[in-house]
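Notes follow the structure.
2 protein chains.
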Amino acid sequence: MTHDEITFMRLMQAKGLRITEQRLLILDAVCAGKGHTTFGEILLRVKETEPSIDQSTVYRTLDLLCKLGLVAANASVSGGMVYEIVGQTPHHHLLCSLCRREYAVPQAALQAFFEQIQAEYGFTVTHKHLMLEGVCETCRQRDDEAGQTG
Amino acid sequence: MTHDEITFMRLMQAKGLRITEQRLLILDAVCAGKGHTTFGEILLRVKETEPSIDQSTVYRTLDLLCKLGLVAANASVSGGMVYEIVGQTPHHHLLCSLCRREYAVPQAALQAFFEQIQAEYGFTVTHKHLMLEGVCETCRQRDDEAGQTG
DNA sequence: GTCTTTGCAAAGAGTTTGCACCTTC
DNA sequence: GAAGGTGCAAACTCTTTGCAAAGAC
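Residue numbers (the numbering used here), protein chains in the order written: chain S, 66 to 215; chain Y, 66 to 215.
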C-alpha cells in the first residue's frame with residue numbers, strides 16, 4: 066500500500082461514503098504518478114486495469130478526493146488540471162521550463178518566506194502546492210557552456 | 066494613455082502588423098482591469114464600447130499581445146485564463162481565498178526568497194507572475210473575532 | 001491594390017450533469 | 001432494502017479554426 070489507503074477508508078466511512086473498486090483504482094492512479102499527474106494520465110492508467118470506467122467517474126472521484134483533502138488539484142500551464150497526492154509533509158515544486166522536469170521542495174524551505182509575507186503584508190499564505198517555474202541547474206549549465214563557446 | 070500604447074504601436078509597426086481599433090480596445094481592456102483579468106471580463110469591457118467585436122478576435126489579439134510581451138497570460142485556479150499587462154517592474158500577487166481580492170507584491174519582496182532557492186537548489190526562478198493563495202489580514206481578523214466570541 | 005485582420009459560424013478540447021441501473025453497506 | 005455510486009450520453013464552457021468580407025497601409 067503505497068499511499069494512505071487506511072486514511073482514505075476511515076474518511077469515507079466517517080462520512081458515510083462507499084468504498085468502491087473505482088475509487089481505489091483512481092486513488093492508486095494518482096499515487097502512481099510521481100508529482101503532478103494530468104487528468105488524461107490518470108484516466109489512461111485507470112483504464113488499463115478497468116477499461117469500462119468512465120471519465121465522468123474519474124472527474125467525480127477526483128473532486129471527492131480533493132474535498133477529502135487527499136488529493137490536490139492545480140491548474141496546469143496548458144489549461145488542464147493536474148492532480149497530486151497530498152502527503153504527510155506539505156511541499157512545493159520547481160518546474161524547469163526547459164527540460165520540464167519537476168523538483169520537490171519541502172515546506173520548510175519556504176517557511177521563512179511565508180513568514181516574511183505574513184509580517185510585511187499581514188497575509189497568511191495557505192498555498193499547498195506552489196509551482197515555481199524557472200531553469201534548473203543542469204539546463205542552466207548546458208546553456209552557459211553553449212553561450213561561452215559560441 | 067494609461068499603458069504602453071506607444072510601445073505597442075512601435076512593436077506592431079516593427080513587425081509589419083496592423084494597428085486596429087479592436088486591438089487598441091482590447092489592450093485598453095486588459096489595462097483597465099487592475100491585476101489579473103479574466104477573459105470574460107475583457108470581452109465584456111470591449112463589447113461595451115464595440116458590441117460587434119467577436120470573442121475570436123479577443124482570443125487572437127490576446128495571444129498576439131502575449132507574444133509581443135505586452136500581456137502575460139496565466140491559468141487561473143478555476144481553469145480559465147487570466148490576463149495582465151506586463152508593467153515595467155515585475156511583480157507578484159497575493160490572492161485572498163475568502164474575499165477574492167488581489168494584492169500586488171513587488172519583485173523585491175520575493176528576491177531574497179528566489180536567491181535562497183537558487184543557493185539551495187541551483188534553480189533559477191523565472192516566474193513572472195506568481196500567484197500566492199491565502200487569507201488577507203481583513204478576512205483573518207474577521208474570522209478571529211467570530212471564533213473568539215462563538 | 002495587397003496583405004492582414006475581422007466577424008461569423010462551426011468545430012474541438014475539457015468538464016459537468018441527468019438519469020436509469022448497479023453496488024455497497 | 002435503502003442510500004449512494006456508476007456508466008452512458010448529452011450538454012455545457014472555454015478556446016480554436018476556416019473562410020469570405022472589411023480594413024490598414
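Using N, Cα and C, we set each Cβ at its ideal position, and we do this for glycine too. Keep in mind it's a predicted model, so treat the numbers as computed, not measured.
Inset, instruction - Using the DSSP secondary-structure output, state which residues sit across from residue 210 of chain S in a beta bridge. - result: Answer is none; residue 210 of chain S lacks a bridge partner.
Legend entry - Closer than 9 Å to chain S by CB, residue 189 of chain Y: Taking Cβ atoms only, chain S reaches closer than 9 Å to residue 189 of chain Y, which makes this a yes.
Legend entry - Beta-bridge pairing of residue 84 of chain Y - partner residues as DSSP gives them: When beta bridges are read from the DSSP output, residue 84 of chain Y appears opposite no residue.
Inset, instruction - Identify the continuous alpha helix (DSSP H) that holds residue 150 of chain S and give its terminal residues. - result: Residue 150 of chain S -> not in any alpha helix (DSSP H); beta strand (DSSP E) instead, spanning 146–150.
Legend entry - Top-ranked residue by Cα proximity to residue 130 of chain Y, from Y/95, Y/116, Y/205, Y/114: Checking every option, the nearest Cα to that of residue 130 of chain Y belongs to Y/95.
Inset, instruction - Check residue 90 of chain Y in the structure and name its three-state DSSP category. - result: Three-state DSSP puts residue 90 of chain Y in a helix.
Inset, instruction - For residue 170 of chain Y, I'd like the list of residues in its chain whose CB is within less than 7 Å of its CB, leaving aside the five on either flank, ordered along the chain. - result: Cβ neighbours of residue 170 of chain Y within its own chain (closer than 7 Å, five residues either side excluded): 156, 157, 158, 159.
Inset, instruction - Could you check the C-alpha separation between residue 168 of chain S and residue 179 of chain S for me, to the nearest Å? - result: About 19 Å.
Inset, instruction - With DSSP as the reference, label residue 161 of chain S as helix, strand or coil. - result: Looking at residue 161 of chain S - three-state DSSP - the assignment turns out to be strand.
Legend entry - Beta-carbon proximity of residue 101 of chain Y to residue 198 of chain S, cut-off 9 Å: One thing to note: residue 101 of chain Y has its Cβ no nearer than 9 Å to the Cβ of residue 198 of chain S.
Inset, instruction - Count the other C-beta atoms from every protein chain shown that fall within 10 angstroms of the C-beta of residue 79 of chain Y, then say buried if there are 16 or more, exposed otherwise. - result: Answer is exposed; the Cβ neighbour count stays below 16.
Inset, instruction - Go ahead and pull the three-state DSSP assignment for residue 105 of chain Y. - result: DSSP places residue 105 of chain Y in helix when its eight states are reduced to three.
Inset, instruction - Flag this pair as yes or no: are the beta carbons of residue 162 of chain Y and residue 200 of chain Y separated by less than 9 Å? - result: Yes, the Cβ-Cβ distance between residue 162 of chain Y and residue 200 of chain Y is below 9 Å.
Inset, instruction - Please report how far the alpha carbon of residue 134 of chain S lies from the alpha carbon of residue 121 of chain S, in whole angstroms. - result: Cα to Cα, the separation comes out at about 20 Å.
Legend entry - Minimum Cβ-Cβ distance from residue 131 of chain S to chain Y less than 9 Å: Output row for residue 131 of chain S: interface = no.
Inset, instruction - Indicate whether at least one CB of chain Y lies closer than 9 Å to the CB of residue 107 of chain S. - result: Residue contact check for residue 107 of chain S against chain Y: no CB pair falls below 9 Å.
Legend entry - Spatial distance of residue 74 of chain Y from residue 89 of chain Y (CA atoms): The C-alpha of residue 89 of chain Y is placed about 9 Å away from the C-alpha of residue 74 of chain Y.
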